[in-house]
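Participant: This is the structure I have questions about; it appears just below.
Have a look at this one:
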C-alpha cells in the first residue's frame, strides 16, 4: 500500500501533467515513447510528462533513462496503470542524433472497487449540494486520478457556492492496492452551518437614490447564502447602463454570527454617449445608424435618447424618454416620438408617431409590453392610391427568448405575439385589428449539425381595407422573409400591377447548417410564403444555399437563392444579412 501523503502527492502531480496533454506542447526531440496496444491517452500523457529533451549525447541519454522511466511510470499511474513494464534502448538515427526509445507494456489497470460519498451536518439533505454529482469515477471504471480530484473539487466548490464555508472533508482517501489492481474511494464531507446573506450596503458617492438601488436587490437579509444571488446582483447592476464599475464584496471573513454583509462600491459611467455604425443588407442596401444617449439625467435613473437610421429606402428619427420601474432590470415606461419615411418599390409613406410602452416581465419569464400610440401617416401606392391615416392604436405584445448564448446560440427559441387595434369612434379613421405571430427555433445535433425553423403569421381585420395604411398591411419577400424574391415584392397586386399589401402574411422556413470549420458553416434552406388576401391563395417558394461566418459582432449570412415561382417575381438572387439566428 502507498501512504496517504504519497498517494495525494502522486495524484495531484500526475493529474496536472495529464491535463497538459491537451495543451499542444511539442513532442520531445530525443525521447520517444511507444505504448503497446491502443492506449493513445497513455502515450500522450507520457510524452507530455517527459517534455522536450535536446542536446544530449548517447551516454547522456543512458544516464537519463532511469529518470525518464520514473516519469513515465508516474504518468501512466495517473490513468490507473500501476504495473507497467518499461524497456528502453538508445540508438542513433540517420542524422547521427541519439534517441532514447521507451517501450511501455501497461499491463492490467487498477479498477474502482468501492466508491462511498457521504454528507454529514446541516446540509446533508440540501439537493443543490448532494444531488447530481459526477458519475465518474464509478465502480468498475479504470482508476483516473483526475476524475477523483474533480469529484472532490466539485463537492468543495458547491459547498462554497452555497455558503457552507466551514465545510470540510472528514474523510478523503483513495486506497490503491496495486497487487490486487483495486482502488477504494471514501469521501465524507461535513457541511457545517450554512451562512446567510446580510444587509446590502451601497457606499456613498454614486449619485443615485437609495430607493432605485434597493430595487436591484432580489434577496432579503437572512436568506441562505448563494453565490448565484450575489453574482446576479453584480450582473444586474453592471447591465443597468448606469455604472462603469461594480465592486461587490460578500466575504465570509466578514461574517458576524454566520451573517455575511454585502458591501457594494459603484462607479457611475459617463453621463452621455454617442455611437454610429454602418451596415448593409440586400433588402435595404447600405445603411447608417446613429444614437445619442443620456444614460441618467437625475438620481431616479431616468434616461433619454435619440436614434436614427438612414438608408436609400428608409429614413427615420426617434426620440425617447424612459423611467425605470421595479425591478429596473426588466420593467420600465418609455415615452417616444418619431418620424419615418419609406419608399419601397411603388409604395411611399411618411409617418409620425407618438406613444408610450410599459414593459413588464411576468413571473413565467414572458416579457409583456402594453402600449398606446398615435400614428399619422400619409401614403401613396402606385399612381392610383393615395391616402391620409390617423389612428390611435392600443396594443399588447408578449415575447419570450430562450437561448444558450446571446451572440451565437446552439439551441433555443423565440416566440412573439403582437396585437394592436383601432376604433373609428376613438381618434381613428378606421376600425382595425392587427395581429402578428412569430416563432423561431434552433437545435444543434452532434455539435456541428444545426437545424433552424421559422414561422410567421399575420392578419389584419377591418371593414375598409383601403383605409389601412401601408405600415399595417403585409408584404413578403427578402432576406428575412422568402429568399429568391425582392424585398416586400410579394403581395396582392392592384389594377396597375403594383403591390398594394395583403390582409394576411404566411411565411415558413427550414434551414440546415453544417459547421465545417470553427465559426464557418454552409447552409441549405427552403422558404415558402406570401402576403395574400385569402389564406388559401398560392404561396411562393424559394430554395438556396449559403455560407455563415460567426464574426465578433455576430453572424454574417450570404445566400444564393432561387425563387421557383416566376409569375410571382421569383429569380436568382443574392442575399446578404447579419444578426442573431434567433
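Residue numbers (this note's numbering): 58 to 639. No residue lacks a Cβ here, since even glycine has one placed at the ideal position from N, Cα and C.
#1: With a Cβ-Cβ cutoff of 8 Å, do residue 88 and residue 159 count as a contact?
#2: Tell me the rounded alpha-carbon separation between residue 605 and residue 634.
#3: By Cβ distance below 8 Å, which residues in the same chain neighbour residue 179 in space, the five residues on each side in sequence not counted?
#4: Could you tell me if residue 631 is buried or exposed, where buried requires 16 or more neighbouring beta carbons within 10 angstroms of its beta carbon?
#5: For residue 397, collect the residues of the same chain with a Cβ closer than 6 Å to its Cβ; drop the 5 residues on either side in sequence, then sort them by chain order.
#6: Following the continuous alpha helix (DSSP H) through residue 218, name the residue where it begins and the one where it ends.
#7: When we look at the beta-carbon of residue 149 and count the other beta-carbons within 10 Å, is it buried (16 or more) or exposed?
#8: Alpha carbon to alpha carbon, how far is residue 292 from residue 548? Give it in angstroms, no decimals.
#9: What first and last residue would you give for the beta strand (DSSP E) that runs through residue 457?
#10: Alpha carbon to alpha carbon, how far is residue 344 from residue 510? Give it in angstroms, no decimals.
#11: Going by the DSSP bridge assignment, what does residue 91 pair with across the sheet?
#12: Could you please give the first and the last residue of the uninterrupted beta strand (DSSP E) stretch that includes residue 537?
#13: Apart from the five residues on each side of it in sequence, which residues of its chain come closer than 6 Å, Cβ to Cβ, to residue 386?
#14: Within the continuous beta strand (DSSP E) that includes residue 106, where are the two ends?
#15: For residue 336 and residue 365, which I take to be in contact (beta-carbon distance under 8 Å), what is that distance rounded to the nearest angstrom?
#16: With a floor of 3 residues, list each beta strand (DSSP E) that falls wholly inside the segment 246-275, ordered by position along the chain.
#17: Quick one: what's residue 349 bridged to in DSSP?
#18: Between the segment 326-333 and the segment 297-317, are three or more C-beta pairs nearer than 8 Å?
#19: Look at the alpha carbon of residue 313 and the alpha carbon of residue 279, and state the distance between them as a whole number of angstroms.
#20: In the DSSP assignment, what are the bridge partners of residue 128?
#21: Could you tell me which whole beta strand (DSSP E) segments of length 3 or greater appear in the segment 541-587?
#22: Rounded to whole angstroms, what's the CA-CA distance from residue 456 to residue 494? Just pull it up for me.
#23: Is the segment 500-516 touching the segment 479-488, taking contact as three or more C-beta pairs under 8 Å?
#24: Quick one: residues in its chain with C-beta nearer than 6 Å to the C-beta of residue 340, no 5 flanking neighbours on either side, listed in chain order?
#25: Using only alpha-carbon positions, find the residue among 437, 425, 390, 369 that is nearest to residue 551.
#26: Mapping DSSP to helix, strand and coil, what is residue 185?
#27: What residue range is occupied by the uninterrupted beta strand (DSSP E) comprising residue 475?
#28: Would you report the Cα separation of residue 369 and residue 490, rounded to the nearest angstrom?
Facilitator: For this structure:
#1: yes
#2: 10 Å
#3: Annotation for residue 179: 248, 249, 250, 251 place their beta carbon closer than 8 Å to its own, counting only its chain and skipping 5 residues before and after.
#4: Classification of residue 631: exposed, given that the 10 Å Cβ count is below 16.
#5: Excluding residues within five positions, the ones whose Cβ falls inside 6 Å are 373, 408.
#6: 202-219
#7: exposed
#8: 46 Å
#9: Run containing residue 457: 442-460, per the beta strand (DSSP E) assignment.
#10: Their backbone Cα atoms lie some 28 Å apart in a straight line.
#11: 160
#12: Neither: residue 537 is in no beta strand (DSSP E) and is coded neither H nor E.
#13: 293
#14: Premise fails: residue 106 lies in the alpha helix (DSSP H), 97-107, not in any beta strand (DSSP E).
#15: That pair is no contact at about 13 Å.
#16: Listed in chain order, they are 253-259.
#17: 331, 363
#18: yes
#19: 12 Å
#20: Per DSSP, none; premise fails for residue 128.
#21: 561-574
#22: The alpha-carbon separation between residue 456 and residue 494 amounts to approximately 10 Å.
#23: no
#24: 535, 536, 544
#25: 437
#26: If DSSP states are grouped into helix, strand and coil, residue 185 belongs with the helices.
#27: 469-479
#28: 31 Å
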